[in-house]
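Residue numbers for the sequence shown follow our numbering, so the first one is 10 and each next one is one higher.
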Amino acid sequence: MKFSEHWKRQDFEATRQRILNVSDAEVRRALAMAGQRLGMRELEALLSPAADRHLEALATQSQRLTRQRFGRTIQLYAPLYLSNACSNVCTYCGFSAKNHLRRKTLQPLELDQEAEELRRLGFNHVLLVTGEAKHVGTPYIEDALRRLRPRFANLSLEVQPLDTADYTRLAQAGASAVFVYQETYDASAYSRHHLSGAKTDVDWRLDTPDRLGEAGVHKVGLGALYGLSDWRADTWFVGLHLRHLESSYWKTRYSVSFPRLRPHAGEDFTPTRFDERELVQAACALRLFCPEAELALSTRESVEFRRQAFGLAFTHMSAGSRTNPGGYTQSAEEPGSLEQFAPHDNRSPEEVAMDLRSLGYEPVWKDWDPSFDAPRGVG
Ligand code: SF4
């Protein structure tokens, strides 16, 4: 059964109400189970307002499980924006088709320049990002992967949802991970924020991770975009999605990110609440729920917050991010107004790495070898 069928059996508002009504005793019981396999009821408890009073205990357990599984390491990666062209209208994104931005899609030589600069900065793990437009479909992404593959140890994708055969093809071209955020699992908020284009098809997006599992892509990334709906219920649905995928595609690795809305061009609504304390609660709750998942913290967050929070639950961090195509090498005359959102932590990758070392962590630039990329479960 695909995830969209599970999702249709759930009610977002009823889930939200259940989480709001969790008792203190239920939170204590869930915390006492840390290290065992937790169910959806325990996740509900850890995401509840009642769990806020136990945040220190939750963070301590989360840190213990993270260090047990991953040690004191943080894997560093950089996004490489290939194109800001997009045919969809999403209310929260600078690339939305309704925004009057200069659109740019990197050509092969520009791609080489960006790649060289990322190598110079020390990166070996790179996330290729595009908007959702026809001309940046499978052939364009495949060409980019083949061109960049010899330069980096690991390439992952954040691109438009594709079908299983496309993902098989991209895995063979060297994509080891694909990230596809649902944005929100709240059906009414989803339709309010996705106004036109292919992204209005919620089922197609919900079932994208299933297609990635079928294609044998090594790692699948999930997440909600916080600020669109209720963070507690959205995080619970991320957990439900994760459980569904783990039981269906058990060879696949999973990763979860916690992007919060950041200022961007064309913003015209007030994001729902999700403060830093709540972000810590969401990440630590998911760590207890799924000790082996990779959890990522992006440059959307401030330096101070990243320094305080990274060791509690996270395993991956972006650094020195540029969120516009050509952003690593563009000349000073080119405006930065093509970006998808404004990063908050603007330290250089080397500064981030030095800081991690000073805090007793090992920054990891490479934990993968291209020879691992032979696609599984296909052919
Ligand atoms: S969120 Fe994605 S699909 Fe929506 S406008 Fe931005 S790039 Fe396009």
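We put the beta carbon where it would ideally sit given N, CA and C, even for glycine.
Tell me whether the beta-carbon of residue i lies closer than 7 Å to the beta-carbon of residue j.
{"i": "residue 251", "j": "residue 263", "result": "yes"}
{"i": "residue 112", "j": "residue 97", "result": "no"}
{"i": "residue 40", "j": "residue 294", "result": "no"}
{"i": "residue 87", "j": "residue 127", "result": "yes"}
{"i": "residue 79", "j": "residue 281", "result": "no"}
{"i": "residue 420", "j": "residue 200", "result": "Residue numbering for the chain in the displayed model covers 10 to 388; residue 420 lies beyond these limits and cannot be assessed."}
{"i": "residue 224", "j": "residue 180", "result": "yes"}
{"i": "residue 54", "j": "residue 31", "result": "yes"}
{"i": "residue 283", "j": "residue 269", "result": "yes"}
{"i": "residue 321", "j": "residue 71", "result": "yes"}
{"i": "residue 229", "j": "residue 193", "result": "no"}
{"i": "residue 182", "j": "residue 215", "result": "no"}
{"i": "residue 267", "j": "residue 242", "result": "no"}
{"i": "residue 300", "j": "residue 91", "result": "no"}
Is residue i helix, strand or coil when you go by DSSP?
{"i": "residue 176", "result": "helix"}
{"i": "residue 320", "result": "helix"}
{"i": "residue 353", "result": "coil"}
{"i": "residue 383", "result": "Below a pLDDT of 50, predicted positions are generally treated as unreliable, and residue 383, at 47, falls in that range; no measurement from the model is reported."}
{"i": "residue 99", "result": "strand"}
{"i": "residue 82", "result": "strand"}
{"i": "residue 267", "result": "coil"}
{"i": "residue 376", "result": "coil"}
{"i": "residue 346", "result": "Unreliable placement is indicated for residue 346, whose pLDDT of 48 sits below 50; no coordinate value is reported for it."}
{"i": "residue 311", "result": "coil"}
{"i": "residue 363", "result": "helix"}
{"i": "residue 185", "result": "strand"}
{"i": "residue 228", "result": "strand"}
{"i": "residue 134", "result": "strand"}
{"i": "residue 281", "result": "coil"}
{"i": "residue 110", "result": "coil"}
{"i": "residue 203", "result": "strand"}
Determine the burial state of residue i: buried for a count of at least 16 other Cβ atoms within 10 Å of its Cβ, exposed for fewer.
{"i": "residue 23", "result": "exposed"}
{"i": "residue 277", "result": "exposed"}
{"i": "residue 355", "result": "exposed"}
{"i": "residue 117", "result": "exposed"}
{"i": "residue 279", "result": "exposed"}
{"i": "residue 50", "result": "exposed"}
{"i": "residue 376", "result": "exposed"}
{"i": "residue 368", "result": "exposed"}
{"i": "residue 335", "result": "buried"}
{"i": "residue 58", "result": "exposed"}
{"i": "residue 352", "result": "buried"}
* Asked: In chain order, what residues have a CB nearer than 6 Å to some heavy atom of the ligand SF4?
  -> 95, 97, 99, 102, 104, 105, 140, 141 and 208
* Asked: Would you call the stretch 121-135 and the stretch 200-213 touching, i.e. three or more CB-CB distances under 8 Å?
  -> no
* Asked: Does the count of Cβ pairs from the stretch 212-229 and the stretch 162-178 closer than 8 Å reach three?
  -> yes
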